[in-house]
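Under the working numbering, the sequence shown has 513 at position 15, and the numbering climbs by one with no breaks.
Data block below; observations after.
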Amino acid sequence: MWRTFEAEKTKRAFSSVIRLRRKLYTSTFTVDGNMEEWLDDVEDICRQLENMNEVIPDAEMVNIILQGVEETPRNVVRLFNRGQPGQSQVTLDVVLNT
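Take a look at the structure:
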């Protein structure tokens, strides 16, 4: 009986993680939306995943956030296009505070 209960809970937790990851990766900011609210939603999803022992690294969060704002004015994404030698790497703090 315990194994059946444990297997059922594991399936639910796994499906919840998959659902939250999909929501995180497909989250997009719209031009007429509120950037602060969108970032709060993204951070909330990230916290939910952390509570399920699914930690999203900061480098991946940078990509997720920049991917979510790609439809907005190009200057936002260009600001973070620092792939050239000699330029510092974009951190999550830089993205969130810009």
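C-beta: ideal position from N, C-alpha, C; glycine also.
Nothing here was measured: the structure is a model prediction, and the numbers come from that model.
Distance CB(residue i)-CB(residue j) smaller than 9 angstroms
i              : j              : result
serine 525     : isoleucine 562 : yes
leucine 594    : leucine 518    : no
leucine 590    : valine 567     : no
isoleucine 543 : leucine 564    : no
Limits of the unbroken alpha helix (DSSP H) element including residue i
i             : result
valine 540    : 533-549
glutamine 565 : 556-566
Same chain only: Cβ atoms within 8 angstroms of residue i, ignoring 5 sequence neighbours per side
i           : result
leucine 547 : Val515, Leu518, Arg519, Leu522, Val553, Ile554
Own chain residues within Cβ distance below 7 angstroms of residue i, not counting five before or after
i             : result
threonine 528 : none
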